[in-house]
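K.L.:
Chains as they are written, first to last, in our numbering: chain Y, 1 to 270; chain G, 271 to 872.
Sending over a structure as structure tokens; questions will come in a sec.
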């Protein structure tokens, strides 16, 4: 009865922890499937999607319109999975992509740098120096990515409900702690939470539908009443409105749709 | 020709300052007029008496009287009652809608302020557009232009014409009668309408066709015609058990349902509750919303929908409360502010329900939408509260709010005194200001409206704009500046035919009225053109008449108040006004000169 996101660096045993938590709780464990789904649904080559989602933004620190669209597709696919509930997601920025859903247990699994270096050396058969440099580069890329998209540093522990350092604690210890936490009251899915998840799903779906034609739009939904915020003049807003209606017609669960022109997008939108 | 004196230079500088301030609008136009009223006597360009002579001018008294008569007619609900039948006649064909509404609006604006006539029909036109799928941009411009053109149908239709006789007085010229301009005005309205009917395809923007294409009736289409209704519902006894607290705001956001009133145990009633009011068990709510939204809420929240209001029976009676549409006027202090900032709920205890903008209805989170000119806000509240809001004058109400104070039984008196005023002018040839004031007084005496209501209805901005600019006209004339400019221009253009001179004056007035207000243009130009006409041996009265009429030729830029009002809802750009406005402006000048030649044989 919960959604667990596990954020991890490479070689920090996060994947192993996620899989074991899922099997212990009888949940579905997802990661790569989301990418495949998004690529299939929105007809984007998987490689392109992977690069948009994993690579750090350009030198100016800004996400290109294309990248933003890919993130929207990815989030849309992810939300469709977690709406089913009882899911463990491990991979990039799940805790940030799902921030509109209240009952997500956000976990970060970290490992000792030396352990990670050793693991990488063993698997890739490279020197210690090379392995360390690769890991540092990888960590930096991810830091830039989350920073550009959410202004957050993945190392900031306040983004998570739980940070587990797998070093003295074993993988099994971590699994036990996380499974125990997942069954606590704040992470149970009640009626209100279910509604919120559905609404978040609608908002993400509409946003994904708009993403390839427009940036600078924000979407939110409450009980199926979708509200799209668009920046720009009245003619631009009218174009957004037309497209939004087209997209919404193909969606189920939409009760009402409005498009408002705003100077600045509100904070609580997708 | 007289040499240029230092006084003339001073007057020209003052004119320059006035024109500059009119264009940049650092201060409001009426403040510019008051500035002139004070500065001119200080500079010894007019005597102190002349500086304030505008206050006692016939024009100002006439305008006060016209406004009071208009308010009287309004009080009896006569004008508002026109809206329904006219819409029925209009039907759904585009030409018929345009013709029927345009003629009505033109008729109304021939005896009251153009902007009022234009605002009156705005929400109705928006609904017609949505239900007939005729893009709003194709309806509003013809109707707005007709409101402006309608002002030329009588001598009291617009400020420049009201002023005209006063400006002729110093020259000892014969004043114009109330209906002297009517044939010209009718021809102007007819030709304007004909242009739109025949050339509409070419001169009106074809945009927002997408809204016309949308034919599917899926639930997400916002339709203006789908107005809400008022229902009473009750929460179950165990409503708050096993349920997170539900606030009034939650109902609004989740179901787009507005709570107008709620009971509070033991037996209090809270009208227009604030968003953070909790909805408790076993309470009654008076709500406003679309039927499907209400049904959804009742189902999900397990509430009970009543067939008719019981607890709130008294509050929902027609005389007690209701919903009105109020339009955001040009120059309203509310432009750019959100309803949350304006805080109607706390200040007036009324509930805003929806915002209509262009062809869209906004219901969700309307508190955060910055208001724009031409937005219509649907507001529910007790009539008395709505009246207080109306008196604030930041919104133009399109439905009369003072139902209990509405005096339909006085309609006959209102009509009688209007007839008295008109016959005094027409048959007994009594001066305009005296006749109109008689009509206004008659309405007060027969209690169509009381004297306080009469005072309150007067728009002081218009009064001071008129009165303040008159001394500028006097100074221009007295110092010989007008004569000097007139002679200089005539020397440059040489000897011309009267008809050519009148055309030049028409074009000049059109340009002036586009950049400075129509009143400003009239006051500055009339002394000038009278001098020019005398020097060129043309009838000076006709020259003045051309100015009075052509200052309504304000179509090429959205500077006229009516154009400013319709610009937002019609989603017009300035270029749309230039395109259609250019055609209408040229036709205006041709028809005006043609009619003057035909009637007065210039």
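All residues carry an ideal CB built from backbone N, CA and C; glycine is no exception.
Is residue 571 of chain G buried or exposed, if buried means 16 or more other CB atoms sit within 10 Å of its CB?
P.N.:
As a position in the second chain, residue 571 of chain G is number 301, starting the count at 1. Answer is buried; the Cβ neighbour count reaches 16.
K.L.:
Between residue 505 of chain G and residue 574 of chain G, what straight-line distance do the alpha-carbon atoms span, to the nearest angstrom?
P.N.:
As a first step, residue 505 of chain G is located in the second chain; it is residue number 235 there, counting from the start. As a first step, residue 574 of chain G is located in the second chain; it is residue number 304 there, counting from the start. In a straight line, the C-alpha of residue 505 of chain G is about 6 angstroms away from that of residue 574 of chain G.
K.L.:
When you compare each of Y:173, Y:97, Y:180, Y:127 to residue 152 of chain Y by their alpha carbons, which one comes out closest?
P.N.:
Counted from its first residue, the first chain places residue 152 of chain Y at position 152. Per the Cα distances, Y:97.
K.L.:
Please tell me whether residue 223 of chain Y has its Cβ less than 8 angstroms away from any Cβ of chain G.
P.N.:
Taking the first residue of the first chain as 1, we reach residue 223 of chain Y at position 223. Yes, its Cβ sits closer than 8 angstroms to a Cβ of chain G.
K.L.:
Measuring CA to CA, which of G:863, G:824, G:701, G:833 is closest to residue 912 of chain G?
P.N.:
This structure gives no information on residue 912 of chain G, because the portion of chain G shown stretches from 271 to 872.
K.L.:
Could you name the residues of chain Y that residue 601 of chain G contacts, counting a contact when the two beta carbons are closer than 7 angstroms?
P.N.:
Within the second chain, the letter at position 331 stands for residue 601 of chain G. None at all; the shortest Cβ gap to chain Y is about 20 angstroms.
K.L.:
What is the DSSP secondary structure of residue 262 of chain Y, counted as helix, strand or coil?
P.N.:
On the first chain, residue 262 of chain Y is found 262 positions in, with the first residue counted as 1. Correct three-state label for residue 262 of chain Y: strand.
K.L.:
Take residue 19 of chain Y and list the residues in its own chain whose beta-carbon comes closer than 6 angstroms to its own, dropping the five residues that flank it on each side.
P.N.:
As a working mapping, residue 19 of chain Y is identified with position 19 in the first chain. For residue 19 of chain Y, where only same-chain residues beyond five positions count, the Cβ hits under 6 angstroms are 29.
K.L.:
Just the C-alpha distance for residue 605 of chain G and residue 839 of chain G, rounded to the nearest angstrom, thanks.
P.N.:
Position 335 of the second chain holds residue 605 of chain G. Position 569 of the second chain holds residue 839 of chain G. Distance between the alpha carbons of residue 605 of chain G and residue 839 of chain G is about 14 angstroms.
K.L.:
What are the residues in the stretch 150-170 of chain Y lying within 8 angstroms of chain G by C-beta distance?
P.N.:
Flagged: no residues at all.
K.L.:
Taking CB distances under 8 angstroms as the criterion, tell me whether residue 624 of chain G reaches chain Y.
P.N.:
The residue you call residue 624 of chain G lines up with position 354 of the second chain. Judged by the 8 angstroms Cβ criterion, residue 624 of chain G is not in contact with chain Y.
K.L.:
Just verifying my parser: in three-state terms, what is the DSSP assignment at residue 428 of chain G?
P.N.:
For this step, residue 428 of chain G is matched to residue 158 along the second chain. Three-state DSSP puts residue 428 of chain G in coil, outside helix and strand.
K.L.:
Considering only C-alpha positions, which residue in the set G:515, G:510, G:523, G:527 is nearest to residue 501 of chain G?
P.N.:
The count along the second chain starts at 1 and reaches residue 501 of chain G at position 231. Closest option to residue 501 of chain G, Cα to Cα, is G:527.
K.L.:
If you draw a straight line from the C-alpha of residue 253 of chain Y to the C-alpha of residue 224 of chain Y, how long is it?
P.N.:
Translated into the one-based positions of the first chain, residue 253 of chain Y becomes position 253. Translated into the one-based positions of the first chain, residue 224 of chain Y becomes position 224. Going from the Cα of residue 253 of chain Y to the Cα of residue 224 of chain Y covers about 6 angstroms.
K.L.:
Residues in its own chain within less than 6 angstroms of residue 427 of chain G by CB, not counting five upstream and five downstream?
P.N.:
On the second chain, position 157 is the one that residue 427 of chain G refers to. Excluding positions up to five away in sequence, the list reads 380, 421.
K.L.:
For residue 651 of chain G, which residues does DSSP report across the bridge?
P.N.:
Along the second chain, read from residue 1 onward, the residue named residue 651 of chain G stands at position 381. According to DSSP, which records beta bridges pairwise, residue 651 of chain G is partnered with G:592.
K.L.:
With the cut-off set at 8 angstroms, would you say residue 332 of chain G and residue 703 of chain G are in Cβ contact?
P.N.:
Numbered from its first residue, the second chain carries residue 332 of chain G at position 62. Numbered from its first residue, the second chain carries residue 703 of chain G at position 433. In contact: residue 332 of chain G and residue 703 of chain G (Cβ atoms closer than 8 angstroms).
K.L.:
What are the start and end residues of each continuous beta strand (DSSP E) run of 3 or more residues lying completely inside the stretch 487-561 of chain G, in chain order?
P.N.:
Positions of the beta strand (DSSP E) runs, each at least 3 residues long and wholly inside the stretch 487-561 of chain G, are given as 499-504, 528-534, 538-541, 554-559 in order along the chain.
K.L.:
According to DSSP, which residues form a beta bridge with residue 10 of chain Y?
P.N.:
By 1-based counting over the first chain, the position of residue 10 of chain Y is 10. Answer is none; residue 10 of chain Y lacks a bridge partner.
K.L.:
For the alpha helix (DSSP H) holding residue 385 of chain G, just list the boundary residues, first then last.
P.N.:
By one-based count along the second chain, residue 385 of chain G stands at place 115. Run containing residue 385 of chain G: 384-402, per the alpha helix (DSSP H) assignment.
K.L.:
Can you find the residues in the same chain that come closer than 6 angstroms, C-beta to C-beta, to residue 68 of chain Y, ignoring five residues on each side of it along the sequence?
P.N.:
Within the first chain, the letter at position 68 stands for residue 68 of chain Y. Closer than 6 angstroms at the Cβ level, and outside the excluded window around residue 68 of chain Y, lie 215.
K.L.:
Compute the Euclidean distance between the alpha carbons of residue 481 of chain G and residue 822 of chain G, then round it to the nearest angstrom.
P.N.:
Locating residue 481 of chain G in the second chain gives position 211, counting from the first residue. Locating residue 822 of chain G in the second chain gives position 552, counting from the first residue. Unreliable placement is indicated for residue 481 of chain G, whose pLDDT of 44 sits below 50; no coordinate value is reported for it.
K.L.:
Just confirm the distance between the C-beta atoms of residue 399 of chain G and residue 463 of chain G, as a whole number of angstroms; I'd bet it's less than 8 angstroms.
P.N.:
Locating residue 399 of chain G in the second chain gives position 129, where the first residue counts as 1. Locating residue 463 of chain G in the second chain gives position 193, where the first residue counts as 1. That pair is no contact at about 18 angstroms.
K.L.:
From residue 90 of chain Y to residue 141 of chain Y, what does the alpha carbon distance come to, in whole angstroms?
P.N.:
Translated into the one-based positions of the first chain, residue 90 of chain Y becomes position 90. Translated into the one-based positions of the first chain, residue 141 of chain Y becomes position 141. Between residue 90 of chain Y and residue 141 of chain Y, the C-alpha separation is close to 18 angstroms.
K.L.:
Among the candidates G:866, G:836, G:717, G:537, whose CA atom is the shortest distance from the CA of residue 773 of chain G?
P.N.:
Taking the first residue of the second chain as position 1, residue 773 of chain G is located at position 503. Comparing Cα-Cα distances from residue 773 of chain G to each of G:866, G:836, G:717, G:537, the minimum goes to G:866.
K.L.:
Using 8 angstroms as the threshold, is the stretch 239-255 of chain Y in touch with the stretch 709-726 of chain G, meaning 3 or more CB pairs across them?
P.N.:
no
K.L.:
Answer yes or no: does any C-beta atom of chain G fall closer than 8 angstroms to that of residue 258 of chain Y?
P.N.:
For the purposes of this step, residue 258 of chain Y is taken as the residue at position 258 of the first chain. Yes - at least one Cβ of chain G is within 8 angstroms of the one on residue 258 of chain Y.
K.L.:
Mind pulling the chain Y residues with CB within less than 9 angstroms of residue 425 of chain G?
P.N.:
Taking the second chain and counting its residues from 1, the one referred to as residue 425 of chain G is at position 155. Going along chain Y, no residue has its Cβ under 9 angstroms from residue 425 of chain G, so there is no contact; the nearest lies around 39 angstroms.
K.L.:
Using alpha carbons as the reference points, say which of G:339, G:694, G:726, G:645 lies closest to residue 602 of chain G.
P.N.:
Counting from 1 along the second chain, the entry for residue 602 of chain G is found at position 332. Comparing Cα-Cα distances from residue 602 of chain G to each of G:339, G:694, G:726, G:645, the minimum goes to G:645.
K.L.:
To be precise: take each residue of the stretch 526-543 of chain G, compare its Cβ to all Cβ atoms of chain Y, and keep it if any distance is under 8 angstroms. Which residues remain?
P.N.:
526
K.L.:
At a Cβ threshold of 8 angstroms, is residue 514 of chain G touching chain Y?
P.N.:
Position 244 of the second chain holds residue 514 of chain G. Yes, because at least one Cβ of chain Y sits closer than 8 angstroms to the Cβ of residue 514 of chain G.
K.L.:
Just confirm the distance between the C-beta atoms of residue 740 of chain G and residue 324 of chain G, as a whole number of angstroms; I'd bet it's less than 8 angstroms.
P.N.:
Residue mapping note: residue 740 of chain G aligns to position 470 of the second chain, counting from 1. Residue mapping note: residue 324 of chain G aligns to position 54 of the second chain, counting from 1. Contact flag correct, Cβ pair sits at about 3 angstroms.
K.L.:
Nearest-angstrom Cα distance between residue 731 of chain G and residue 246 of chain Y?
P.N.:
Translated into the one-based positions of the second chain, residue 731 of chain G becomes position 461. Translated into the one-based positions of the first chain, residue 246 of chain Y becomes position 246. If I take the Cα positions, the gap works out to 48 angstroms.
K.L.:
Helix or strand or just coil, what does DSSP make of residue 231 of chain Y?
P.N.:
As a first step, residue 231 of chain Y is located in the first chain; it is residue number 231 there, counting from the start. Strand.
K.L.:
Is residue 225 of chain Y helix, strand or coil when you go by DSSP?
P.N.:
Counted from its first residue, the first chain places residue 225 of chain Y at position 225. In this structure, residue 225 of chain Y counts as strand in the three-state DSSP scheme.
K.L.:
Are there three or more Cβ pairs, one per stretch, closer than 8 angstroms when the stretch 583-600 of chain G is compared with the stretch 634-644 of chain G?
P.N.:
yes
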